[in-house]
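Scroll down for the structure; my scribbles are underneath it.
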Amino acid sequence: MVQTKLDNDTTGDDLVIQLSNEIKHKVILVTGVSPGGLGAWFVEAIAKVSPKLVILASRDVKKALAIVTRIKEAKDGVETRILHLDTASLKSVRRAADEIREFPEAIDVLVNNIGIMATPYSKTEDGFESQWQTNYLGPFLFTNLIIDKVLASGPDGRVVNVSSEGYRGGGVRYHDYNFHDGDSYNPWVAYAASKTALILYTKELARRLGKMGLTTVSICPGAVMTGLQSHGAMEVFGAVVSLYRMLGDPKGWSAPNVLAPDKGIRNHVYAAFAPEIKDCNGCYFFDLEKLAVAEQDMAPWAAGCLEAKKTWELSEKLLNQKFDI
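Pasting the structure below:
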């Protein structure tokens, strides 16, 4: 197997060219696609090498249409489809999953890119803390409801969950996921809980369905300036640095490496299409400049089969739905 070539200067576009044969003719579903975000950069990059179909899932259809226009201007002939999906609404998640199941095509690659970060305390219409549902519980439900469509693509079926190094701020709050209705709320701890849950879900999904050919990985895009930072631009990175220092992590004393979006999406491209990813099923990746697999450096709350199983079971309990997969 030929290894994908990466170095400090590698961009997402570079990887798209390298992996063009892995992208062509595939059906790719990306959630959380909105202008200025990594989802938009990612779909615009991969569209250049003619995938069979790109499905853009967004809570704002008008904004998704603007991205489709840019795709068509850059590469005529690429088929696109827009899916309305708001993971802050379980009703929306179920409706979107029903729509996907009606599509004639199998899904080769699902990228769960949707996310919010360090937002003020609020609850969704379903009664869950907003970051917990938007970043994790909604994607958990959506993925499980359409997983048969991914499995139908054959041994190359892949799920990529976009997590974050921010997970190091804390684990899943199994007994206080709603922060006592906000009384104990810390936006960064809530963000960390949702991103830890994604990492653990990735491990459990790989354990359950790896034998059926599914490859599932989680990634951190790195520190990328996108619309996600609407609650704090550069102070976002200051908060992350403070978190690292509190935890005694050496990264708290190193210069921040803020990436442009064209580098931020390289992790998306690598995880979604590099053939060698199959050998790392269930893994969490970050800092591709060093080709690092972060498993050996995981915080204890995001490692191990027991935590993964507990997170799965909590999710089923909260949704009042069992998934026999």
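Numbering (the working numbering), first residue to last: 47 to 371. We put the beta carbon where it would ideally sit given N, CA and C, even for glycine. Remember, it's a predicted structure, so these values are computed and weren't measured experimentally.
Item, Value
"Take Leu364 and list the residues in its own chain whose beta-carbon comes closer than 6 Å to its own, dropping the five residues that flank it on each side.", "none"
"Quick check on Gly350: buried or exposed, where buried means 16 or more other Cβ atoms within 10 Å of its Cβ?", "exposed"
"Figure out for me which residue from Gly216, Gly310, Thr180 has the closest Cα to the Cα of Asp172.", "Thr180"
"Grouping DSSP H, G and I as helix and E and B as strand, with all else coil, what is Thr56?", "coil"
"Under the rule that 16 or more other beta-carbon atoms within 10 Å means buried, what is Ser264, buried or exposed?", "buried"
"Which class does Lys169 belong to by DSSP, given the choice of helix, strand or coil?", "strand"
"Tell me whether the segment 191–198 and the segment 213–232 touch, counting them as touching only if at least three CB pairs, one residue from each stretch, are closer than 8 Å.", "no"
"CB Thr32 to CB Asn327, shorter than 9 Å?", "Outside the displayed range of the chain (47 to 371) lies residue 32, so it cannot be described from this structure."
"Taking C-beta to C-beta, are Ile113 and Ile92 nearer than 9 Å?", "no"
"Along the beta strand (DSSP E) that carries Asn207, what are the first and last residues, could you check?", "204–208"
"For Leu156, write down the residues that DSSP places opposite it in a beta bridge.", "Leu75, Val205"
"By Cβ distance below 6 Å, which residues in the same chain neighbour His130 in space, the five residues on each side in sequence not counted?", "Val107"
"DSSP three-state call for Met163: helix, strand or coil?", "coil"
"Relative to the C-alpha of Asp164, which candidate in Asn313, Ala236, Val205 has its C-alpha closest?", "Before going on, a small fix: residue 164 reads as Ala here, not Asp. Checking every option, the nearest Cα to that of Ala164 belongs to Ala236."
"Report all residues from its chain with a CB closer than 7 Å to the CB of Ser361; omit the five preceding and five following residues, and keep chain order.", "Leu183, Phe186"
"Give the secondary structure of His221 by DSSP, where H, G and I count as helix, E and B as strand, and everything else as coil.", "coil"
"Taking only the alpha-carbon atoms, compute the straight-line gap between Phe369 and Ile162 and give it to the nearest angstrom.", "26 Å"
"Can you tell me whether Ile193 is helix, strand or coil according to DSSP?", "helix"
"Which of the three DSSP states is assigned to Glu211 in this structure?", "helix"
"Run through DSSP, which three-state label would Ile323 get?", "helix"
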